[in-house]
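Below is one structure, written out as structure tokens; comments come after it.
Protein chains: 4
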Amino acid sequence: MTEHQHQTTDSLLKLRERINAFVQARDWAQFHSPKNLAMAMIVEAAEVVEHFQWMTEGDSRQLDAATREKVGQELADTFVYLLRIAEVCDIDLIAATNAKIELNAQKYPVEKCKGSNAKYTEYQ
Amino acid sequence: MTEHQHQTTDSLLKLRERINAFVQARDWAQFHSPKNLAMAMIVEAAEVVEHFQWMTEGDSRQLDAATREKVGQELADTFVYLLRIAEVCDIDLIAATNAKIELNAQKYPVEKCKGSNAKYTEYQ
Amino acid sequence: MTEHQHQTTDSLLKLRERINAFVQARDWAQFHSPKNLAMAMIVEAAEVVEHFQWMTEGDSRQLDAATREKVGQELADTFVYLLRIAEVCDIDLIAATNAKIELNAQKYPVEKCKGSNAKYTEYQ
Amino acid sequence: MTEHQHQTTDSLLKLRERINAFVQARDWAQFHSPKNLAMAMIVEAAEVVEHFQWMTEGDSRQLDAATREKVGQELADTFVYLLRIAEVCDIDLIAATNAKIELNAQKYPVEKCKGSNAKYTEYQ
């Protein structure tokens, strides 16, 4: 399988290409400094938070369809800016995330962290 | 190609599976209400912002290797919580993001938005 | 009572003066653009959020002394940047807040909003 | 001067009393856990950030009257939640902020931090 064929079947690569084309068509790369994109990302993350701010934890686990749809939209906006930051900083997001999970696995070993709220909190 | 083979080649699906296994091994799903995960995600997004808060936009476009590494780690943490929210809310992140890009394309038509800072700002 | 005497007895004015002197002594005003300060403020707000992200609501209402001390420090940092934004944007924070409370009182009339979670959420 | 008279002349104490009365009239204290309030505060802080995300630093220093009005409103909302967190956590905000400024003064001594961007960044 060639590199190009790989790019057209991998869901994340396809999405990156689509977002890059969207930005290029509008000539918006000039506004997409990492500084500005980090601001845009946290603004969208806050719109996710806003849906949950007055909900109990229990209710947040049982969203109605309309709220789930809206949360999905805010999550999508957050994701777009997250991908753009990776793009403009030339960060391989999948590789960086796998590396961070390795670090977290060492930081939070299963035998010490498993299951208790107290330990979980302490390890955070 | 079977569903299982697809999951093992798609980079995002592989990552989701890895994160789910990480959480399951530690029995942490009990703490991962959407409400809590939204808080954790914005805390990590803020750690991305922190790297850029006193930088000029120009400097943020030219990160040294050490800073880029650290930004990659904070971006990874943000991404992990973003994927967890999608997971526990049963949101198909790729589908939700493609749908949101369609909406954004209608909201920001190329012919009206292309290239000017003023228009860009106005359309945001 | 003279203006100066008033400034030395009002707790908020005294704090503003102290913070302004702190910034001036370090020649930091040059870095304190509203854009940068807004980033710094949300980073500190996230450090408040971080204390509560894995806590139940009930536990967040019963902080131990050490956690309350730390929350107070993060709240203080958030407040300092909030006051700086008001300062550099030439916003009278007390007047702006009173005006916003008037608006909120119209938006959330007592007779419609009182006491129910459902109504509260709906009105937000 | 009695304690009560002091409360009616100090701008911050007057504001706190007004906000507390607002909350009490709507019976909203039940929703105001520190956890929920921290979420609400960061959502409002993000609305401040949103105004500046695509602006240059220079433009953020020269807001037009309409934008300054809106920034003032978002800053007011952030401030209200900040005061509510202090209230429900029983934190003396003025005392906590003065104590934090003392700490910051030790952390960032004038002779080491004065004026250079590089040093400022390094000390953060």
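Chains as they are written, first to last, in my numbering: chain A, 282 to 405; chain B, 282 to 405; chain C, 282 to 405; chain D, 282 to 405.
Backbone N, C-alpha and C fix where the C-beta goes; we use that ideal spot for every residue, glycine too.
By alpha-carbon distance to residue 334(C), the top candidate from 359(B), 320(B) and 329(B) is 320(B).
Interface annotation for the segment 304 to 318 of chain C against chain B: 312 and 317, criterion Cβ-Cβ distance under 8 Å. Of the residues 295(C), 352(C), 308(C) and 324(C), the one whose Cα lies closest to the Cα of residue 371(D) is 352(C). Look at residue 322(D) here: in three-state DSSP terms it is helix.
DSSP places residue 344(B) in the coil class of the three-state scheme, outside both helix and strand.
Among the CB atoms of chain D, one or more fall inside 8 Å of the CB of residue 321(A). Judged by DSSP secondary structure, residue 311(A) falls outside any alpha helix (DSSP H); it is assigned neither H nor E. For chain A, the residues of the segment 322 to 333 of chain D that bring a beta carbon within less than 9 Å of one of its beta carbons are 323, 324, 325, 326, 327, 328, 330, 331 and 333, in chain order. Contacts with chain A at 8 Å (Cβ-Cβ) do not include residue 345(B). Under a criterion of Cβ atoms nearer than 8 Å, no residue of chain D is adjacent to residue 387(C); the nearest Cβ is some 12 Å distant. Under the 8 Å Cβ criterion, the segment 357 to 374 of chain D counts as touching the segment 348 to 367 of chain C, having at least three qualifying pairs. Secondary structure of residue 353(B) (DSSP, three-state): helix.
By the C-beta criterion, the segment 328 to 347 of chain C is judged not to be in contact with the segment 310 to 319 of chain C, since fewer than 3 inter-stretch pairs fall below 8 Å. Under the 8 Å Cβ criterion, the segment 291 to 305 of chain D counts as touching the segment 289 to 303 of chain C, having at least three qualifying pairs. Nearest neighbour of residue 393(D) by Cα position, chosen from 296(C), 299(C) and 308(C), turns out to be 308(C). Interface residue (Cβ-Cβ distance to chain D less than 8 Å): residue 395(C) is classified as such. Taking residue 358(B) as reference, the option from 325(A), 379(A) and 391(A) with the minimal CA-CA separation is 379(A). The beta carbon of residue 332(B) lies closer than 6 Å to those of 352 in the same chain, with the five residues before and after it left out. For residue 306(B) against residue 326(A), the beta-carbon gap comes to about 27 Å, at or over 8 Å, which does not count as contact. In the structure shown, residue 372(A) adopts coil according to DSSP, grouped into three states. Contact between residue 323(C) and residue 330(B) holds, since their C-beta atoms are separated by about 6 Å, short of 8 Å. Boundaries cannot be given for residue 334(B), as no alpha helix (DSSP H) includes it and DSSP labels it neither H nor E. Residue 363(D) is positioned such that its CB atom lies closer than 8 Å to that of residue 363(C).
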